[in-house]
Structures are given as structure tokens and as C-alpha cells.
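Asks:
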Amino acid sequence: LYQCGLSFYIFNRRRTGGFHLLLSPPIMASFSNGLLAVAILSLLASAAHAQLSPAFYAVTCPDLESVVRSVMAQVVGQDPRMGASVIRLFFHDCFVNGCDASVLLDDTPTMRGEKNAMGNMNSLRGYEIIDAIKSRVEASCRATVSCADIVALAARDSVSLLGGPSWTVLLGRRDARTASVDAANANLPPASDNISSLVTKFAAKGLDLRDLTALSGAHTVGAARCSSFRPHRLAQGLYHALTSLHSPHAFPQSADVSWADRNGRFDWAADATSARQSGADSNQNCPSAGGDDNLAPLDLQTPNRFDNEYYQKLVAKKGLLHSDQELFNNGTQDSLVRLYSVNAKAFARDFASAMVKMGAISPLTGTNGEIRLNCRNVN
């Protein structure tokens, strides 16, 4: 569901069996604001309730959520970064043809799936965790629970177990019978995206600026590969090299300065030692050549805790990824980044809301798709 300009789109008939409503500007002008709001909200409520429900498995698999939580608690306890990987798995699933577990499908002789897309290959993790949960669920509720719903629940529990918010997960998704590497390459935002591209890609999924800014906060946990942030760091260093000769507060030539942004602004009053220490880990793990698969934490201070430290780093111009720092770059979302940096509750609230919204992107329901017995293969 999304709003684009003055047109409202509600669900997608091809994937959900729902309906598609378009209100053009002339038609909208004929309604009072109040009447239009009531009409839209009524349609949204009816459509949403017809598609997904938190009680979808209440009778057919009543222990589902406790099983998922149990497995994820064990996983996150052993490797907190895997929790971040499962959150990312959910995002990468939903952003390519909707939340349908297509990202879990292995390639076949006739299908190149999403696992080998540029944003997933040798990067996306957590498949074996979903397999483990699915195996446990199948033991008690055979051919009942979709892989897509398991991913949604596992992502929620990952956030919660890492210290973040929890929310009610709407259930009832079914699994896709196909996947597309081309669709993944076209829809997944790379770390090099600018704010305009990010806004466009999120809007295409029905997600607004608040959703974009809040969902990006998932980068408060986990790590990034050197290849995803090296260009950003080199660009920052180049800016300093070009400007240090003209600044009375320039760092010593030997300093590792990393926090100039692409618009040519630098907080020259910032403490040089602090800047060097903040960048030390990522610079050591990411040389100017080689080491593409080396990792650095997205949030150096609390890499295994789901908090608002990520936004504090953006305000300080210390975002590891270019796409992250774009959220705080003299744009309309700067105020949200500032809010989240000082108000953890506001971030938690908006993140949970955005995750529910993202989880409702084009689900397969009814007789569409299937309930896979093995999440890696169609039945």
C-alpha cells in the first residue's frame, strides 16, 4: 500500500487478489478532506484484514511464535551478528516482489534466483537459520506455515533479542514459486545510493521518508563488507586532502580523517583524536586495495545492541556507508535523524511501525503461491 503524489494505490491484484484503487487529482478535489480520509481508511482497514492477521495460525499452529522465538534466542545468544543478518534477510525478501520468501530459493537449471544478486551474493546470511526454524515448525505443523511468515517472525525476534522494540506480526503470507536475480538487482538499494535514489526505491514499495529513515536504523547492528564502504571512505579522505591546506584547523598530515561529507562541509572543531579512533576499526579492516570481504561494524560503539547510536553517528558525520550518511545531508529527513539520535523511544516506535508496513508489501495470500515444505525449493 502506498501513496504516490495525489494518487492512492491499495494492494496489487496480480499478487494478492485484492483491488487497485486510483483517485486522480480531479476526483480527489471533489471530496472534502474529511470524507476522503474516512473513505481511504475504511478501504485500507477492510483490505488489510482480508489479507493478513496476527491470529492466522492460532488454531493450525498455536506454538509457532514460541518455536521461532526459541530458535532465535539460541542463535542470537551464540552470534549476535546473525540477528542482524536475519533482519537484513527480511528486508531483502520484501523489497523484491514482496514478502514471499523468494530470496530463500536456490537456483535451478531454469531459474536464476535472488541469492546471486549483487546485493546478496557472498553477503546475505541466515538461510540455515530459517531452515532450522522451518524444520522445527514442520515437526508439529506440517505443510501449514509459510517460509515467508517464518522470516517475518524471525526478523521481529532478532530486533527484540538485540534490545530493540517488538511488534505484532501479521501472518498469512504464502511462498513464491519463483525468484529473479534481475528483479533483485533492480530493486535492492546498494550502499552507494544517494538520497534521491533511496527515496524513489522506497516509495515504489509504499514506504515514505519516515519509513526510510526508521528502517535504515537497522544498521545499528551488524557489519558491512569493505567493498561496500571503501569508496565512501576514500571520497571522505580525498575531500580532506583537498581542503586541509586551506583550513586553519586542519588535522596533521598523518591523521586519519574520515568524516568530510560529499558536499564539502567539515566540522573542523571536531576532536581529531576522536575522529581517528572512530574510524580506526574500519580503516584497519579495509585497506585501499584488497580485503573486499573484510568486515567492519556498522555501529562501532554498540555493534550488537539495537539502539539509536546509529543516528548519533550520522549527526556526527560518521556514517560508515554512503547511503547511510545521505540520510543526514541537508535534506528533509535531517530533522528525523536528529530526533532519533536523541529520542530512542521515537526511533523504536517508528521502526516497529515501518517493519509492519514493510511486511505487508505485496504478500501472496489465498490460493496464490504455496506453503513450501523446504524453504530452499518449491514443492
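Going letter by letter, the sequence shown gives residues 1423 to 1801 in the working numbering. Note that the Cβ used here is the ideal one computed from N, Cα and C, for glycine as well. Note that the coordinates shown come from a computational prediction; the quantities given were computed from them, not determined experimentally.
#1: By Cβ distance below 6 Å, which residues in the same chain neighbour A1480 in space, the five residues on each side in sequence not counted?
#2: Leaving aside the five residues before and after G1585 along the sequence, list all residues of the same chain whose C-beta is less than 8 Å from its C-beta, in chain order.
#3: Mapping the DSSP letters down to three states, classify P1719 as helix, strand or coil.
#4: For R1534, which residues from the same chain have a beta carbon less than 6 Å from its beta carbon, with the 5 sequence-adjacent residues on both sides left out?
#5: Restricting to Cα atoms, I'd like to know which of Q1500, H1641, V1525, S1488 is closest to D1579.
#6: In the DSSP assignment, what residue or residues form a beta bridge with S1475?
#7: If you draw a straight line from the C-alpha of L1795 to the C-alpha of R1632, how long is it?
#8: CA-CA distance, T1787 and A1523?
#9: Report the rounded CA-to-CA distance for H1668 versus P1502, giving the unit in angstroms.
#10: Taking only the alpha-carbon atoms, compute the straight-line gap between Q1723 and L1742 and give it to the nearest angstrom.
#11: Could you name each continuous alpha helix (DSSP H) segment of 4 residues or more that falls completely within the region 1734 to 1779, going from the start of the chain to the end?
#12: Considering A1574, what are the terminal residues of the alpha helix (DSSP H) in which it resides?
#13: Count the other CB atoms within 10 Å of the CB of M1504; is the residue buried (16 or more) or exposed (fewer)?
#14: Taking 8 Å as the cut-off, is the CB of D1615 close to at least one heavy atom of the ligand HEM?
#15: Does DSSP classify N1542 as helix, strand or coil?
#16: Would you check if the distance between the CB atom of G1644 and the CB atom of P1725 is smaller than 9 Å?
#17: To the nearest angstrom, how far is it from the Cα of E1560 to the Cα of L1761?
#18: Could you give the residue range of the alpha helix (DSSP H) that holds A1645?
#19: Measuring straight from C-alpha to C-alpha, what distance separates F1537 and C1516?
#20: Any idea which residues DSSP pairs T1530 with across the strands?
#21: Less than 9 Å separating the beta-carbons of L1610 and G1499?
#22: Taking V1573 as the reference, give the member of G1594, C1563, R1564, P1587 with the closest Cα.
#23: What do you reckon, are the CB atoms on M1494 and L1637 nearer than 9 Å?
#24: Just grab the DSSP bridge partners of L1511 for me.
#25: Mark S1582 as exposed unless 16 or more other C-beta atoms lie within 10 angstroms of its C-beta, in which case mark it buried.
#26: Using alpha carbons as the reference points, say which of L1634, A1766, N1799 lies closest to L1749.
#27: Using a Cβ-Cβ cut-off of 6 Å (strictly less than) and excluding sequence neighbours within five positions of V1497, which residues of its own chain qualify?
#28: Going straight from the alpha carbon of W1589 to that of K1739, what length do you get?
#29: Buried or exposed: which applies to M1777, given that a residue is buried once 16 or more other Cβ atoms fall within 10 Å of its Cβ?
#30: Would you kindly report the start and end of the unbroken alpha helix (DSSP H) that includes R1632?
#31: What three-state label does DSSP hand N1799 in the structure shown?
#32: I think H1641 touches L1758, with their Cβ atoms under 8 Å apart; what is that distance to the nearest whole Å?
#33: Could you give the DSSP three-state label for L1786: helix, strand or coil?
#34: Which residue from V1764, P1587, V1525 puts its Cα closest to that of S1545?
#35: Can you tell me whether P1785 is buried or exposed, with buried defined as 16 or more other CB within 10 angstroms of its CB?
#36: Buried or exposed for N1864, please, with buried defined as at least 16 other CB atoms from any protein chain shown within 10 angstroms of its CB.
Replies: Let's see:
#1: none
#2: R1727, F1728, D1729
#3: strand
#4: V1603
#5: S1488
#6: L1593
#7: 37 Å
#8: 13 Å
#9: Confidence at H1668 is low in this model, with a pLDDT of 44, below 50, so the placement of that residue is unreliable and no value is reported for it.
#10: 12 Å
#11: 1744 to 1747, 1756 to 1764
#12: 1569 to 1583
#13: buried
#14: Annotation note on the ligand HEM: not contained in the displayed structure, which lists no ligands.
#15: coil
#16: yes
#17: 43 Å
#18: No alpha helix (DSSP H) holds A1645; the beta strand (DSSP E) holding it covers 1645 to 1647.
#19: Rather than Phe, the amino acid found at residue 1537 in this sequence is Lys. Approximately 14 Å between the Cα atoms of the pair.
#20: M1533
#21: no
#22: G1594
#23: no
#24: According to DSSP, L1511 bridges with nothing at all.
#25: buried
#26: L1634
#27: M1504, I1551
#28: 31 Å
#29: buried
#30: 1631 to 1637
#31: strand
#32: With a Cβ gap of about 15 Å, H1641 and L1758 do not count as contacting.
#33: strand
#34: V1525
#35: buried
#36: In this structure the chain extends from 1423 to 1801, so residue 1864 is not present and cannot be described.
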